[in-house]
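Line by line, the protein sequences give chains H and E.
Counting in the numbering used here, the first sequence runs without a single skipped number right up to 456 at its last residue.
Counting in the numbering used here, the second sequence runs without a single skipped number right up to 456 at its last residue.
We treat Cβ as the ideally placed atom computed from N, Cα and C, and that holds for glycine.
First the structure, in the form of structure tokens, and then the observations on it.
Protein chains: 2
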Amino acid sequence: MQNIVEDGVEFDARPLAEALVGARGADIADFLDEYDAEQAAAIVAHLPLEEAVKAFDQPGIDNAEEIVALLPRPTAAAMLDAMSADRTAGLFRWLEEPARSELLAQLPADMRETVERLLAYPEESAGSLMTTEFVAVPSTWTIAQVLHHIRMVERTRETVYAVYVTDPVRNTLVQAVTLRRLLSGDPHASVLSAAPERKPVTIGPYEQRDEATRLISKYDLLAIPVIDPRGHMLGIVTVDDVIDAMVERQTAEVQRFGGVEALDEPYLRIGFGEMIRKRAGWLCALFLSEMLTASAMQGFESELEKAIVLTLFIPLIMSSGGNSGSQATSLIIRALALREVDLRDWWRVALREIPSGAILGAILGMIGILRITLWQQIGFYDYGPHWPLVALTVGAALVGIVTFGSFVGAMLPFALRRLGFDPATASAPFVATLVDVTGLVIYFGVAAVILHGTLL
Amino acid sequence: MQNIVEDGVEFDARPLAEALVGARGADIADFLDEYDAEQAAAIVAHLPLEEAVKAFDQPGIDNAEEIVALLPRPTAAAMLDAMSADRTAGLFRWLEEPARSELLAQLPADMRETVERLLAYPEESAGSLMTTEFVAVPSTWTIAQVLHHIRMVERTRETVYAVYVTDPVRNTLVQAVTLRRLLSGDPHASVLSAAPERKPVTIGPYEQRDEATRLISKYDLLAIPVIDPRGHMLGIVTVDDVIDAMVERQTAEVQRFGGVEALDEPYLRIGFGEMIRKRAGWLCALFLSEMLTASAMQGFESELEKAIVLTLFIPLIMSSGGNSGSQATSLIIRALALREVDLRDWWRVALREIPSGAILGAILGMIGILRITLWQQIGFYDYGPHWPLVALTVGAALVGIVTFGSFVGAMLPFALRRLGFDPATASAPFVATLVDVTGLVIYFGVAAVILHGTLL
Numbered sequence: 001m002q003n004i005v006e007d008g009v010e011f012d013a014r015p016l017a018e019a020l021v022g023a024r025g026a027d028i029a030d031f032l033d034e035y036d037a038e039q040a041a042a043i044v045a046h047l048p049l050e051e052a053v054k055a056f057d058q059p060g061i062d063n064a065e066e067i068v069a070l071l072p073r074p075t076a077a078a079m080l081d082a083m084s085a086d087r088t089a090g091l092f093r094w095l096e097e098p099a100r101s102e103l104l105a106q107l108p109a110d111m112r113e114t115v116e117r118l119l120a121y122p123e124e125s126a127g128s129l130m131t132t133e134f135v136a137v138p139s140t141w142t143i144a145q146v147l148h149h150i151r152m153v154e155r156t157r158e159t160v161y162a163v164y165v166t167d168p169v170r171n172t173l174v175q176a177v178t179l180r181r182l183l184s185g186d187p188h189a190s191v192l193s194a195a196p197e198r199k200p201v202t203i204g205p206y207e208q209r210d211e212a213t214r215l216i217s218k219y220d221l222l223a224i225p226v227i228d229p230r231g232h233m234l235g236i237v238t239v240d241d242v243i244d245a246m247v248e249r250q251t252a253e254v255q256r257f258g259g260v261e262a263l264d265e266p267y268l269r270i271g272f273g274e275m276i277r278k279r280a281g282w283l284c285a286l287f288l289s290e291m292l293t294a295s296a297m298q299g300f301e302s303e304l305e306k307a308i309v310l311t312l313f314i315p316l317i318m319s320s321g322g323n324s325g326s327q328a329t330s331l332i333i334r335a336l337a338l339r340e341v342d343l344r345d346w347w348r349v350a351l352r353e354i355p356s357g358a359i360l361g362a363i364l365g366m367i368g369i370l371r372i373t374l375w376q377q378i379g380f381y382d383y384g385p386h387w388p389l390v391a392l393t394v395g396a397a398l399v400g401i402v403t404f405g406s407f408v409g410a411m412l413p414f415a416l417r418r419l420g421f422d423p424a425t426a427s428a429p430f431v432a433t434l435v436d437v438t439g440l441v442i443y444f445g446v447a448a449v450i451l452h453g454t455l456l
Numbered sequence: 001m002q003n004i005v006e007d008g009v010e011f012d013a014r015p016l017a018e019a020l021v022g023a024r025g026a027d028i029a030d031f032l033d034e035y036d037a038e039q040a041a042a043i044v045a046h047l048p049l050e051e052a053v054k055a056f057d058q059p060g061i062d063n064a065e066e067i068v069a070l071l072p073r074p075t076a077a078a079m080l081d082a083m084s085a086d087r088t089a090g091l092f093r094w095l096e097e098p099a100r101s102e103l104l105a106q107l108p109a110d111m112r113e114t115v116e117r118l119l120a121y122p123e124e125s126a127g128s129l130m131t132t133e134f135v136a137v138p139s140t141w142t143i144a145q146v147l148h149h150i151r152m153v154e155r156t157r158e159t160v161y162a163v164y165v166t167d168p169v170r171n172t173l174v175q176a177v178t179l180r181r182l183l184s185g186d187p188h189a190s191v192l193s194a195a196p197e198r199k200p201v202t203i204g205p206y207e208q209r210d211e212a213t214r215l216i217s218k219y220d221l222l223a224i225p226v227i228d229p230r231g232h233m234l235g236i237v238t239v240d241d242v243i244d245a246m247v248e249r250q251t252a253e254v255q256r257f258g259g260v261e262a263l264d265e266p267y268l269r270i271g272f273g274e275m276i277r278k279r280a281g282w283l284c285a286l287f288l289s290e291m292l293t294a295s296a297m298q299g300f301e302s303e304l305e306k307a308i309v310l311t312l313f314i315p316l317i318m319s320s321g322g323n324s325g326s327q328a329t330s331l332i333i334r335a336l337a338l339r340e341v342d343l344r345d346w347w348r349v350a351l352r353e354i355p356s357g358a359i360l361g362a363i364l365g366m367i368g369i370l371r372i373t374l375w376q377q378i379g380f381y382d383y384g385p386h387w388p389l390v391a392l393t394v395g396a397a398l399v400g401i402v403t404f405g406s407f408v409g410a411m412l413p414f415a416l417r418r419l420g421f422d423p424a425t426a427s428a429p430f431v432a433t434l435v436d437v438t439g440l441v442i443y444f445g446v447a448a449v450i451l452h453g454t455l456l
């Protein structure tokens, strides 16, 4: 690849590449991120193969697929072949045509087959997260044979998470043995003598990625074997992939709770148009729903004309409903994610949220009444001759709205899961919008009762 | 411990304990969680020591400290001594008096010293997360000596994350070697011959817990050594502790973004009063700030009286400001957490958010104008003779408010970090409240300009 001339200055990639030799993969990745894809590709083209592989084996390069597409095809193919299969497959998920087909065709047959098999798993599945490189030995081997195998055959592997022992006939997974246990065992004994009493925890390739995270986190595993329904081992999901998936998931969860589609790219790197698109969708949907508030207000026009004083508290009351709803939603999203509550616990949650909401609403209601009373008595503002009734209206409406907000906010994640969506789709703005229209109805309803015959 | 009589039925812990023998620690923990603390303590008292240790070595038992306090002191002390030191210290953090002092006094001197040292580290530090149990060998040893040591001395350890090689004189950390590399090395060569070229990644005990997470995640480590300023090794933070910390952090982040103080306990388990307290604080603070909207509305009373039609769109317009702010805040909270942006990038973010907000506001404004025009033309509602000006007011106000919301929402996490707070303290309700008062001012300001001489 020739050097790039930009702004009249030739970009010389070679010395940059030479300075990177021997650095950690994650640090090379960070370094490449400082450059645009063309410059990064020029640097990578000058790197020794093993250094490039180290860097691309990290999930940290933001525009990895663009860089790969810009590399000379044979360089890219050699790198993709030498990388761990799960990372290679991950890159192919994002690669665009024609690079995708051309590179796939240039991979050696076995790697191509592995990549195609991994690509067949859905994006959020355990299968899509697994690596097909693991140490498996037949259960007929002795410990000495296994150790010899690791010494000789597996010497390129930096970490041996566990040795997986398979049935020599049916080829099914029998046990998982740690290196430490192999070391302490009698070399002439069967490898199974070093195995723990219990069967290893496993996962199916089509199970959710989050389930792999949960199992690895719960049982403190370094890797979890992925097996097909007949018990054959397909690969392992390792703890470092799980950590990457957790970080990604956490970002998506916070972004969605804030009412944005998950960006999938760093904030300063995502295209401006792409970001507008990811934000406009929800914003417009919420705006359209929120238009119902205008319709509701139109319905209460005669009340508004008679008692303008009521309008003063509309923002205050509506925001309180939204805030309490947002609190309840955030609590239940996490409780569902951590499996602290289950779909069938919805009524237990409802039975907690309704009294919680009523108490919280009463607290706010009292503050509201106090505020109106104070302002009236001190003379900051005149709420008219019926000010005690206005204060009562505001207080009572707050109890109703905060209770309703807490209830709706808590039920929304359950409803979403019941309908097959991710409960984390329930965002704070979503809840606020749901609560707003009803909040207005509650407010004017309470006003109609309390102020009937005086202001209304 | 005698059996417990409850509701007239004797609770027989022994058969339950017997059924648990041989189960995985995490599963025993789950099982104990189904019972109240007294019942769980009765079950634990009947468990063989090693089974109890397995379960309590898990972070999964919700009321572990209550159970420990209820156990006979000698049983509890034996268990705390046999557990990994970081978990024991973790339990002591939560134990109440007098159990805390009594149990600490009953621990063997070396364990007590270790626990006291660990407890001295602040709760959010890497030191508080570390375990003091790790394999360290002097650099004068051969590979064969190290392997023999692991076989003989370290045989109780389930996982050897790495072997840490120290300077025999100064006792400082020199290298970290994986078991796999030791296995492939020449047994008679120095242990250093199996070490990688690079120094291990390390962390100081007073650094943030999140930094340990970041380093382990970035460099795909299974454990990170914690060293003091002179290079002596104090312990290791292991990947499973990091995963637990990540889950905890994620829950706190979502809850805080929803406007609740982090619960620290499962939703269905936390006391009702405690939950009210964690929610009421923020809710009241937001309510008090939001009262400024009432004051603002009072200031615009004469405009409201002249043009009631303006009130119809107040909820719609204010919620749009809050929603766009919530989007921007969620994006920046994560971008800061992932270090995609830095404190000094605030102006770059501002330069993205202002045009984004203007475009998003223009989209919503156009929808708003369309809605008013349609309703007027179809005859759903009569916005009066000046309806085109009303529509223009709503549209123009939306541009202003959404731009302002995006800007404030994006700047809030920066401001919080600048002031020394966690940027994740910025919740969706917090942003909405910030934006609401200004939103009203923008709306009535725009109305004053556009409707001057007609409605106002």
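Original post:
Does the distance from the C-beta atom of H:Ser326 to that of H:Gly409 stay below 8 Å?
Top reply: It is a contact, given that the beta carbons lie within the stated cut-off.
**OP:** Pair every Cβ in the stretch 289-306 of chain H with every Cβ in the stretch 375-389 of chain H, then say whether three or more of these pairs are closer than 8 Å.
**Re:** Because the criterion of three Cβ pairs below 8 Å is not met, the stretch 289-306 of chain H and the stretch 375-389 of chain H do not touch.
Original post:
Taking DSSP as the reference, what is the three-state secondary structure of H:Ala271?
Top reply: One detail in the question is off: residue 271 of chain H reads as Gly in this sequence, not Ala. Of the three classes helix, strand and coil, the one that applies to H:Gly271 here is coil, per DSSP.
Original post:
Could you give the C-beta distance for H:Ala322 and H:Asp436, rounded to a whole number, given that I count them as a contact under 8 Å?
Top reply: Going by the sequence as given, residue 322 of chain H is Gly instead of Ala. The beta-carbon separation of H:Gly322 and H:Asp436, rounded to 7 Å, stays under the 8 Å limit for a contact.
**OP:** Taking only the alpha-carbon atoms, compute the straight-line gap between H:Val174 and H:Ile67 and give it to the nearest angstrom.
**Re:** Each residue's Cα considered, the two are about 42 Å apart.
Subject >> Proximity to E:Ser330 [Cα-Cα], best of E:Ile143, E:Met366, E:Glu253 and E:Asp382 >> reply: Nearest Cα to E:Ser330 within the set E:Ile143, E:Met366, E:Glu253 and E:Asp382: E:Glu253.
Original post:
Taking Cβ to Cβ, would you say E:Arg198 is nearer than 8 Å to H:Arg24?
Top reply: In this structure, H:Arg24 lies closer than 8 Å to E:Arg198 by Cβ.
Original post:
Just how far apart, CA to CA, sit E:Thr178 and H:Tyr161?
Top reply: Cα to Cα, E:Thr178 sits roughly 11 Å from H:Tyr161.
Subject >> Buried or exposed (CB count within 10 angstroms, at least 16 for buried), E:Val446 >> reply: So E:Val446 ends up on the buried side.
Original post:
Taking Cβ positions only, does E:Met318 come closer than 8 Å to chain H?
Top reply: It does: the Cβ of E:Met318 has a partner Cβ on chain H nearer than 8 Å.
Subject >> Helix, strand or coil at E:Ser427 [DSSP, three-state] >> reply: Reduced to three states, the DSSP call for E:Ser427 is coil.
Subject >> Closer than 7 Å: H:Leu104 CB and nearest the ligand MN heavy atom >> reply: With respect to small molecules bound, the structure shown includes none, and the ligand MN cannot be examined in it.
Subject >> Contact residues within the stretch 102-131 of chain E, judged by C-beta distance below 8 Å to chain H >> reply: For the stretch 102-131 of chain E, the set of positions with a beta-carbon nearer than 8 Å to some beta-carbon of chain H is empty.
Subject >> Touch test, the stretch 407-424 of chain H against the stretch 352-360 of chain H, Cβ-Cβ under 8 Å, three pairs minimum >> reply: Flag = yes, the stretch 407-424 of chain H and the stretch 352-360 of chain H touch.
Subject >> Cutoff 8 Å: H:Ser84 Cβ touching any chain E Cβ >> reply: Chain E, which has no Cβ nearer than 8 Å to the Cβ of H:Ser84, makes this no.
**OP:** Compare the C-beta of E:Arg209 with all C-beta atoms of chain H and state if any pair is closer than 8 Å.
**Re:** Output row for E:Arg209: interface = no.
Original post:
Considering only the beta carbon of each residue, do E:Leu457 and H:Arg151 sit closer than 8 Å?
Top reply: The question about residue 457 of chain E has no answer here: the residues shown for chain E are numbered 1 through 456.
Original post:
Is the beta carbon of H:Ser125 less than 8 Å from the beta carbon of E:Ile243?
Top reply: Cβ distance not < 8 Å, so H:Ser125 and E:Ile243 don't count as in contact.
**OP:** Please list the partners that H:Phe287 has in chain E, where partner means a Cβ-to-Cβ separation under 7 Å.
**Re:** Those are Ser320, Leu364 and Ile367, listed as they occur along chain E.
Original post:
Hey, how far is the Cα of H:Ser324 from the Cα of H:Pro205?
Top reply: When rounded, the distance between both Cα atoms is 40 Å.
Original post:
What runs of the beta strand (DSSP E), each 3 residues or longer, lie entirely inside the stretch 173-203 of chain H?
Top reply: Taking only runs of at least 3 residues, the beta strand (DSSP E) segments lying wholly in the stretch 173-203 of chain H are 173-177.
**OP:** Let me know if H:Glu97 comes out buried or exposed under the rule of 16 or more other beta-carbons within 10 Å of its beta-carbon.
**Re:** Of the residues assessed, H:Glu97 falls on the exposed side of the cut-off, its CB having fewer than 16 other CB atoms within 10 angstroms.
**OP:** Rounded to whole angstroms, what's the CA-CA distance from H:Ile367 to E:Thr433? Just pull it up for me.
**Re:** For H:Ile367 and E:Thr433, the distance between alpha carbons rounds to 17 Å.
Original post:
What residue from E:Ile372, E:Asp36, E:Leu221 and E:Arg339 has the CA that sits closest to H:Asp30's CA?
Top reply: Considering only alpha carbons, the answer is E:Arg339.
Subject >> chain E contacts made by the stretch 265-276 of chain H, where a contact means CB separation under 9 Å >> reply: So the close ones are Pro266, Tyr267, Leu268, Arg269, Phe272, Met275 and Ile276.
Original post:
Counting only beta-carbon atoms, is E:Met1 nearer than 8 Å to chain H?
Top reply: Residue placement at E:Met1 cannot be trusted, given a pLDDT of 46 that sits under 50; what the coordinates show is reported in the next sentence. Chain H contact via Cβ: absent.
Original post:
Is H:Val137 helix, strand or coil by DSSP?
Top reply: When secondary structure is reduced to three states using DSSP, H:Val137 falls in the strand class.
Subject >> Minimum Cβ-Cβ distance from E:Arg417 to chain H less than 8 Å >> reply: Cβ-Cβ to chain H under 8 Å: no for E:Arg417.
Original post:
Closer than 8 Å, CB to CB, is H:Ile333 near chain E or not?
Top reply: The beta carbon of H:Ile333 falls within 8 Å of a beta carbon belonging to chain E, placing the residue at that interface.
Original post:
Using a Cβ-Cβ distance under 8 Å, would E:Glu463 count as near chain H?
Top reply: Limits of chain E in this structure are 1 at one end and 456 at the other, which puts residue 463 of chain E out of reach.
**OP:** Determine, using beta-carbon pairs with one atom in the stretch 128-144 of chain H and one in the stretch 226-237 of chain H, whether at least three such pairs fall under 8 Å.
**Re:** Below 8 Å, enough C-beta pairs join the stretch 128-144 of chain H and the stretch 226-237 of chain H to call them touching: three or more.
Original post:
Can the beta-carbon of H:Leu398 be found less than 8 Å from the beta-carbon of E:Cys284?
Top reply: With contacts defined as CB atoms closer than 8 Å, H:Leu398 and E:Cys284 fail to qualify as a contacting pair.
Subject >> Whole-angstrom distance between H:Leu16 and H:Val163, CA atom to CA atom >> reply: In a straight line, the C-alpha of H:Val163 is about 40 Å away from that of H:Leu16.
Original post:
Is the distance from the Cβ of H:Arg93 to the Cβ of H:His46 below 8 Å?
Top reply: Between H:Arg93 and H:His46, the C-beta gap is not smaller than 8 Å, which leaves the two residues out of contact.
Original post:
Counting pairs of Cβ atoms below 8 Å between the stretch 254-265 of chain E and the stretch 274-290 of chain E, do you hit three or more?
Top reply: Counting C-beta pairs with one atom in each stretch, the stretch 254-265 of chain E and the stretch 274-290 of chain E have three or more that are closer than 8 Å, which means they touch.
**OP:** Look up H:Ile333 in the DSSP assignment and say whether it is helix, strand or coil.
**Re:** Three-state DSSP puts H:Ile333 in a helix.
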